[in-house]
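Using the numbering used here, the letters of the sequence shown map in sequence onto residues 29 to 165.
We treat Cβ as the ideally placed atom computed from N, Cα and C, and that holds for glycine.
Keep in mind the model is a prediction, meaning the values are calculated, not measured.
This report refers to the structure that appears directly beneath it.
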Amino acid sequence: MADSIYLLENPGIWDYNTTAERLFTSGVQVVSDSLKVSNGEPIDGTAFFPTRSAITNAQFNLPPLRNMETVYYTYSCEDQTLGWRWTASGMADGNTRIANNMLFDFVDGKVNHVYWEFNSINWVKNVGINCPVPEAS
Numbered sequence: 029m030a031d032s033i034y035l036l037e038n039p040g041i042w043d044y045n046t047t048a049e050r051l052f053t054s055g056v057q058v059v060s061d062s063l064k065v066s067n068g069e070p071i072d073g074t075a076f077f078p079t080r081s082a083i084t085n086a087q088f089n090l091p092p093l094r095n096m097e098t099v100y101y102t103y104s105c106e107d108q109t110l111g112w113r114w115t116a117s118g119m120a121d122g123n124t125r126i127a128n129n130m131l132f133d134f135v136d137g138k139v140n141h142v143y144w145e146f147n148s149i150n151w152v153k154n155v156g157i158n159c160p161v162p163e164a165s
């Protein structure tokens, strides 16, 4: 979780790519309807970030998350999954807290799949984006 927090709080930092390589498999997928809605993309069941390269290529477009607090987390040795619930505020000019739920699937100690959902209405309010909610396809 420490590497995930580091990347979320510090997009574009000098060692972002190295940290991402340590944390993620090259074929990691981040699936998130919340990210799609926040970016005006259709909800179509595909990954928002389909590879690690997509994550590292987007780092300079991501607002840093601030005031992160872990609410709880669970880990299953049998399934190699980690569930993490956290909140954050202070993105851009906003101070509204955003609740986040993430589920990580691991392969050989690296994150291979992420399911990430959050309160996208508060997210866009905080960062000043005015986007219409796309229709499901």
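Query raised in the report: Would the segment 79-93 and the segment 53-67 be scored as touching if the rule is three or more Cβ pairs under 8 Å?
Result: Segments in contact, yes.
Query raised in the report: How many whole angstroms separate the CB atoms of Gly-40 and Phe-88, which I take to be in contact at a CB cut-off of 8 Å?
Result: Right, the Cβ-Cβ distance comes to about 5 Å (below 8 Å), so this counts as a contact.
Requested in this report: Take the Cβ of Asp-72 as the centre, count every other Cβ of all protein chains shown within 10 Å, and call the residue buried at 16 or more, exposed below.
Outcome: When all chains shown are included, Asp-72 counts as exposed.
Query raised in the report: Helix, strand or coil: which one does DSSP assign to Gln-57?
Result: Correct three-state label for Gln-57: strand.
Report task. With a threshold of 16 other CB atoms inside 10 Å of the CB of Trp-42, please say whether the residue is buried or exposed. Result -> Flag for Trp-42 reads exposed.
Report task. Could you tell me which of Ala-48, Asn-140, Phe-146, Lys-138 sits nearest to Arg-125, measuring between CA atoms? Result -> For Arg-125, the nearest C-alpha among the options comes from Phe-146.
Requested in this report: List the endpoints of the continuous beta strand (DSSP E) containing Arg-50.
Outcome: Where Arg-50 is concerned, there is no enclosing beta strand (DSSP E), although the alpha helix (DSSP H) it sits in stretches over 44-51.
Query - CB-CB length for Asn-123 against Thr-115, believed under 8 Å - result: Contact flag wrong, Cβ pair sits at about 12 Å.
Requested in this report: Give the DSSP bridge partners of Phe-113, in chain order.
Outcome: Per the sequence shown, residue 113 should be read as Arg rather than Phe. Looking at the DSSP assignment, Arg-113 forms a beta bridge with Tyr-100, Asn-129.
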